[in-house]
Amino acid sequence: MENLKRTALFDKHVELGAKNIGFCGWDMPVQYEGILKEHDACRNKAALFDTSHMGEFFFEGNLLFSGINDATTVDVLTLPIGKCKYGFLLNKDGGVIDDLIIYKAGEERLMFVVNASRINIDFKTINDQLHNGVFTDASDQTSKIDIQGPKAKEILQELVSFDLNELGFFSFAETDIMDSFAIVSRTGYTGELGYELYIDNKVAPLVWDKLVNRGAVPAGLGARDVLRLEMGYSLYGQELDENTTPIEAGVGFFVKYDKHFTGKEALLKQKEEGAPRKSIPFTTNSKRAPRHGMDIFQNDQKIGVVTSGTFSPCVSSGIGIGSVDAKLFDKEVPFELRTGRGSIPIFMAKLPFYNKN
Amino acid sequence: MSKRYSNEHEWAILDGGIASIGLSAYAVEQLGDITFVELPEIGAEANKDDSIAFIESVKAASDIYTPVGGEVVESNEKLEDTPELLNEAAETTWIFKLKVSDSSEFETLMDEAAYKAYLDTL
Numbered sequence: 001m002e003n004l005k006r007t008a009l010f011d012k013h014v015e016l017g018a019k020n021i022g023f024c025g026w027d028m029p030v031q032y033e034g035i036l037k038e039h040d041a042c043r044n045k046a047a048l049f050d051t052s053h054m055g056e057f058f059f060e061g062n063l064l065f066s067g068i069n070d071a072t073t074v075d076v077l078t079l080p081i082g083k084c085k086y087g088f089l090l091n092k093d094g095g096v097i098d099d100l101i102i103y104k105a106g107e108e109r110l111m112f113v114v115n116a117s118r119i120n121i122d123f124k125t126i127n128d129q130l131h132n133g134v135f136t137d138a139s140d141q142t143s144k145i146d147i148q149g150p151k152a153k154e155i156l157q158e159l160v161s162f163d164l165n166e167l168g169f170f171s172f173a174e175t176d177i178m179d180s181f182a183i184v185s186r187t188g189y190t191g192e193l194g195y196e197l198y199i200d201n202k203v204a205p206l207v208w209d210k211l212v213n214r215g216a217v218p219a220g221l222g223a224r225d226v227l228r229l230e231m232g233y234s235l236y237g238q239e240l241d242e243n244t245t246p247i248e249a250g251v252g253f254f255v256k257y258d259k260h261f262t263g264k265e266a267l268l269k270q271k272e273e274g275a276p277r278k279s280i281p282f283t284t285n286s287k288r289a290p291r292h293g294m295d296i297f298q299n300d301q302k303i304g305v306v307t308s309g310t311f312s313p314c315v316s317s318g319i320g321i322g323s324v325d326a327k328l329f330d331k332e333v334p335f336e337l338r339t340g341r342g343s344i345p346i347f348m349a350k351l352p353f354y355n356k357n
Numbered sequence: 358m359s360k361r362y363s364n365e366h367e368w369a370i371l372d373g374g375i376a377s378i379g380l381s382a383y384a385v386e387q388l389g390d391i392t393f394v395e396l397p398e399i400g401a402e403a404n405k406d407d408s409i410a411f412i413e414s415v416k417a418a419s420d421i422y423t424p425v426g427g428e429v430v431e432s433n434e435k436l437e438d439t440p441e442l443l444n445e446a447a448e449t450t451w452i453f454k455l456k457v458s459d460s461s462e463f464e465t466l467m468d469e470a471a472y473k474a475y476l477d478t479l
């Protein structure tokens with residue numbers, strides 16, 4: 001794994017005995033003590049994730065005349081300052097180049113948070129649509145730590161100088177953590193109460209240690225993937241890619257059509273004519289786990305593939321998301337996964353798979 | 358009774374013509390939290406290195422290859438409801454037992470020292 005990039009927290013992961021994997025060009029912890037334990041920590045206490053591989057861009061300039069508001073599905077003009085919003089960077093066919101969150105820090109200041117594997121293409125795609133303004137990629141200097149779980153607030157509170165109760169869902173604050181500039185947002189990828197911290201690489205190990213000492217449990221990408229799938233959240237490269245529109249991926253409801261954005265015409269056409277593929281959540285109602293890439297069959301005919309699958313500790317069953325041919329799929333007819341080792345019956349489910357209450 | 362290991366990280370203990378087969382602690386550690394074990398059918402015949410069982414963890418799935426050939430005489434049904442037994446005690450939790458057809462196959466497997474040396478090469 002010599003050519004893999006390391007986050008500022010790499011030494012911490014080694015100290016903690018993490019099992020690492022190559023992920024999007026990064027050497028990242030997949031688990032520390034075990035996925036189930038880390039998953040449980042997030043659902044019942046607080047888990048800590050190093051997500052520094054993700055990308056951060058900053059934009060400064062006029063939001064109306066620069067072209068920045070046309071680049072993604074997010075309407076940054078109507079977005080209030082201090083709020084952030086989830087949306088998509090699309091190609092002209094409506095395919096998803098990336099899913100991202102845009103933070104509005106001021107009348108002329110934005111932050112974009114993007115997927116690690118898409119940093120270069122995202123930056124170029126957005127930059128090519130700008131007429132003016134200053135657009136910078138701060139990914140290499142920025143560490144990102146997510147603290148998620150019912151105890152996240154009380155653990156994090158001591159490190160910040162404002163009252164975390166003031167931070168609503170998808171709100172953020174610019175603040176200081178350990179005498180260094182930081183952005184703290186009330187966001188996450190787990191379905192739990194939680195925060196994402198954007199901090200300078202230099203202080204990241206100190207912040208990490210402080211949060212661990214206060215009781216946050218280090219958790220790897222393995223647990224993160226189970227947690228996000230229990231909520232039905234999409235993962236780029238699995239549910240989303242350049243040949244799939246948000247409508248086909250089942251996340252069309254995040255797109256508002258009140259303003260222009262690249263790919264809008266293609267999405268409107270698909271809305272009118274119907275999308276060729278649709279996303280379906282399902283369970284196995286057994287301990288068998290669906291896996292990415294398994295074939296979905298109905299009436300002895302292949303109708304689609306599994307985009308994500310795992311065993312869910314909260315549901316005590318295998319859970320998955322499939323992408324199926326919208327015309328062939330009939331929700332009244334039994335369907336199944338076919339693997340090299342026989343078939344696994346599956347059943348339609350509703351998202352989220354896991355309900356807190 | 359000696360314990361032998363295969364390249365695929367199964368272990369075997371041979372006792373009076375019956376081999377108990379399990380997975381090494383190393384293999385289970387690599388798989389992580391085990392969630393499902395598909396056991397072989399009693400009476401099934403298998404050749405050495407045939408895939409006759411299957412195991413899943415939260416994140417991964419793997420075939421289990423029998424390190425010796427023979428007829429399946431017992432499957433550890435406790436693993437159906439409590440697959441985590443393998444995480445707790447991989448080296449002492451057998452998965453299935455075989456009536457061995459050719460005990461010389463057992464002799465070709467690695468002993469504990471050789472297996473340990475093999476792990477160091479991985």
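Those protein sequences? They're chains A and B, same order as listed. Sequential numbering from 1 applies to the first sequence in this note's numbering. Sequential numbering from 358 applies to the second sequence in this note's numbering. Glycine is no exception: its CB is placed at the ideal position from the N, C-alpha and C atoms. Given the structure is predicted, the values throughout are model-derived calculations rather than measurements.
Could you check what DSSP says for residue i in three-state terms: helix, strand or coil?
{"i": "L396 (chain B)", "result": "coil"}
{"i": "K45 (chain A)", "result": "coil"}
{"i": "K125 (chain A)", "result": "Before going further, note that residue 125 (chain A) is Thr rather than Lys in the sequence given. Reduced to three states, the DSSP call for T125 (chain A) is helix."}
{"i": "M1 (chain A)", "result": "Only weak support is given to the placement of M1 (chain A): the predicted model assigns it a pLDDT of 48, under 50, and the value that follows is read from those uncertain coordinates. In the structure shown, M1 (chain A) sits in coil (DSSP, three-state: anything other than H, G, I, E or B)."}
{"i": "F10 (chain A)", "result": "helix"}
{"i": "M231 (chain A)", "result": "helix"}
{"i": "V160 (chain A)", "result": "coil"}
{"i": "N20 (chain A)", "result": "strand"}
{"i": "K144 (chain A)", "result": "strand"}
{"i": "R118 (chain A)", "result": "helix"}
{"i": "S368 (chain B)", "result": "Looking at the sequence shown, residue 368 (chain B) is not Ser but Trp. Three-state DSSP puts W368 (chain B) in a strand."}
{"i": "K350 (chain A)", "result": "coil"}
{"i": "F278 (chain A)", "result": "Here the sequence assigns Lys to residue 278 (chain A), which means Phe is not the residue at that position. Of the three classes helix, strand and coil, the one that applies to K278 (chain A) here is strand, per DSSP."}
{"i": "K271 (chain A)", "result": "helix"}
{"i": "D200 (chain A)", "result": "strand"}
{"i": "K302 (chain A)", "result": "strand"}
{"i": "A474 (chain B)", "result": "helix"}
{"i": "I35 (chain A)", "result": "helix"}
{"i": "Y362 (chain B)", "result": "strand"}
{"i": "A266 (chain A)", "result": "helix"}
{"i": "A376 (chain B)", "result": "strand"}
{"i": "G426 (chain B)", "result": "coil"}
{"i": "T450 (chain B)", "result": "coil"}
{"i": "K259 (chain A)", "result": "coil"}
Whole-angstrom Cβ separation of residue i and residue j, contact assumed at under 8 Å?
{"i": "L229 (chain A)", "j": "I319 (chain A)", "result": "6 Å"}
{"i": "F76 (chain A)", "j": "L63 (chain A)", "result": "Strictly speaking, residue 76 (chain A) in this sequence is Val, with Phe absent from that position. Yes, V76 (chain A) and L63 (chain A) are in contact; Cβ-Cβ is about 5 Å, under 8 Å."}
{"i": "F261 (chain A)", "j": "T72 (chain A)", "result": "6 Å"}
{"i": "F453 (chain B)", "j": "V425 (chain B)", "result": "Contact doesn't hold; Cβ gap of about 11 Å is too wide."}
{"i": "M231 (chain A)", "j": "F282 (chain A)", "result": "The Cβ separation is near 15 Å, so there is no contact."}
{"i": "S143 (chain A)", "j": "S52 (chain A)", "result": "4 Å"}
{"i": "G222 (chain A)", "j": "K405 (chain B)", "result": "33 Å between Cβ atoms; not a contact."}
Hey, how far is the Cα of residue i from the Cα of residue j?
{"i": "E332 (chain A)", "j": "K278 (chain A)", "result": "15 Å"}
{"i": "I346 (chain A)", "j": "R6 (chain A)", "result": "39 Å"}
{"i": "F135 (chain A)", "j": "I102 (chain A)", "result": "13 Å"}
{"i": "L443 (chain B)", "j": "A8 (chain A)", "result": "35 Å"}
{"i": "E107 (chain A)", "j": "K85 (chain A)", "result": "15 Å"}
{"i": "Y195 (chain A)", "j": "R186 (chain A)", "result": "5 Å"}
{"i": "E386 (chain B)", "j": "S419 (chain B)", "result": "13 Å"}
{"i": "E38 (chain A)", "j": "P313 (chain A)", "result": "11 Å"}
{"i": "I199 (chain A)", "j": "S180 (chain A)", "result": "7 Å"}
{"i": "P352 (chain A)", "j": "G427 (chain B)", "result": "46 Å"}
{"i": "V226 (chain A)", "j": "S317 (chain A)", "result": "12 Å"}
{"i": "I155 (chain A)", "j": "C42 (chain A)", "result": "13 Å"}
{"i": "M1 (chain A)", "j": "E367 (chain B)", "result": "Unreliable positioning characterises M1 (chain A) in this predicted model, as indicated by a pLDDT of 48, which lies under 50. The coordinate reading is nonetheless provided below. If you take the alpha carbons of M1 (chain A) and E367 (chain B), they lie about 27 Å apart."}
{"i": "F411 (chain B)", "j": "A401 (chain B)", "result": "15 Å"}
{"i": "K92 (chain A)", "j": "L396 (chain B)", "result": "50 Å"}
{"i": "D370 (chain A)", "j": "N69 (chain A)", "result": "The structure shown has nothing for residue 370 (chain A), since chain A only spans 1 to 357."}
{"i": "F253 (chain A)", "j": "N165 (chain A)", "result": "28 Å"}
If you measure from the beta carbon of residue i to each beta carbon in chain E, is any gap under 9 Å?
{"i": "N444 (chain B)", "result": "Absent here is chain E; the protein component of the structure consists of chains A and B."}
Less than 8 Å separating the Cβ of residue i from some heavy atom of the ligand HEM?
{"i": "V305 (chain A)", "result": "Absence of the ligand HEM is noted for the structure shown, with no ligands found whatsoever."}
Handout entry: Within 7 Å of chain A by C-beta, residues of the stretch 394-418 of chain B in sequence order
Key = F411, E413, V415, K416, A418
Handout entry: Proximal residues, the stretch 210-237 of chain A versus chain B, C-beta separation under 7 Å
Key = G222, V226
Handout entry: Stretch-stretch touch, CB-based, cutoff 8 Å, three pairs: the stretch 210-230 of chain A with the stretch 139-152 of chain A
Key = In this structure the stretch 210-230 of chain A touches the stretch 139-152 of chain A; the number of beta carbon pairs closer than 8 Å is three or more.
Exercise for the section: Mind checking the stretch 31-48 of chain A against chain B and listing, in chain order, the residues whose C-beta falls within less than 9 Å of any C-beta there? Expected result: Q31, G34, I35, L36, K37, H39
Handout entry: Inter-stretch contact at 8 Å, needing at least 3 Cβ pairs: the stretch 5-22 of chain A / the stretch 37-46 of chain A
Key = no
Practice task
Check whether the stretch 272-291 of chain A touches the stretch 201-212 of chain A, counting contact only when three or more Cβ pairs, one atom from each stretch, lie closer than 8 Å.
Solution key: Output reads no: the stretch 201-212 of chain A does not touch the stretch 272-291 of chain A.
Exercise for the section: Would you list, in chain order, the members of the stretch 425-442 of chain B that have their beta-carbon closer than 7 Å to a beta-carbon of chain A? Expected result: none
Problem - Selection of the stretch 304-315 of chain A by Cβ proximity to chain B, strictly under 7 Å - result: T310, F311
Handout entry: Proximal residues, the stretch 278-304 of chain A versus chain B, C-beta separation under 7 Å
Key = K287, R288, A289, R291
Problem - Chain-ordered residues of the stretch 364-395 of chain B with a beta carbon less than 7 Å from chain A - result: Result list: G389, D390, T392, F393.
Problem - Touch test, the stretch 460-476 of chain B against the stretch 389-402 of chain B, Cβ-Cβ under 8 Å, three pairs minimum - result: no
Handout entry: Touching by the beta-carbon criterion (3+ pairs, under 8 Å), the stretch 364-377 of chain B and the stretch 322-338 of chain A
Key = No, the stretch 364-377 of chain B does not touch the stretch 322-338 of chain A.
Problem - the stretch 179-211 of chain A: positions lying closer than 8 Å to chain B by Cβ - result: none
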